[in-house]
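**Q**
Residue numbers (UniProt numbering): 1 to 106.
Next comes the structure, spelled out in structure tokens:
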């Protein structure tokens, strides 16, 4: 059986009105994300992906840097790729999503 591999990079900008965590305020000590804050956002992302009813989303790798979440891994459909992106873009602390998820069609 042949397997087709397709990878498209999509970028999404998060909407602050759909955030799942509180956003930093103007009087926060720093507007820059600290490594600790980035790890916290990654933890929240992994938590939401692992709670998904779609088992494939549980294996996605996510790294956060300066408000940008980079998703990587393989999924069986474009629907799941988009679903993962939408879950992540709604999380507070995520300003952009770089979706490097690869769709492997069987």
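Ideal Cβ placement from N, Cα and C applies to all residues, glycine included.
1. CA-CA distance, residue 73 and residue 100?
2. For residue 97, I'd like the list of residues in its chain whose CB is within less than 6 Å of its CB, leaving aside the five on either flank, ordered along the chain.
3. DSSP on residue 72, reduced to helix/strand/coil?
4. Three-state secondary structure (DSSP) at residue 90?
5. By a C-beta neighbour count over all protein chains shown, 10 Å radius and 16 as the cutoff for buried, is residue 39 buried or exposed?
6. Which value, in whole angstroms, describes the spacing of the CA atoms of residue 75 and residue 36?
7. Can you give the Cα-Cα distance for residue 81 and residue 104, rounded to whole angstroms?
8. Provide the residue span of the beta strand (DSSP E) that contains residue 101, from first to last.
9. Find the nearest neighbour of residue 57 within the set 47, 64, 106, 66, judged by alpha-carbon distance.
**A** So, from the data block:
1. Rounded to the nearest angstrom, the two C-alpha atoms are 7 Å apart.
2. In chain order, 12, 69, 85, 88, 89 place their CB closer than 6 Å to the CB of residue 97, counting only its own chain and leaving out the 5 sequence neighbours on each side.
3. Shown here, residue 72 sits in a strand according to DSSP, grouped into three states.
4. Residue 90 falls in the coil class under three-state DSSP.
5. Around the C-beta of residue 39, fewer than 16 other C-beta atoms lie within 10 Å, and the residue is accordingly described as exposed.
6. About 29 Å.
7. Taking the straight line from one Cα to the other gives about 11 Å.
8. Secondary structure note for residue 101: its beta strand (DSSP E) is the uninterrupted segment 96 to 105.
9. Closest option to residue 57, Cα to Cα, is 47.
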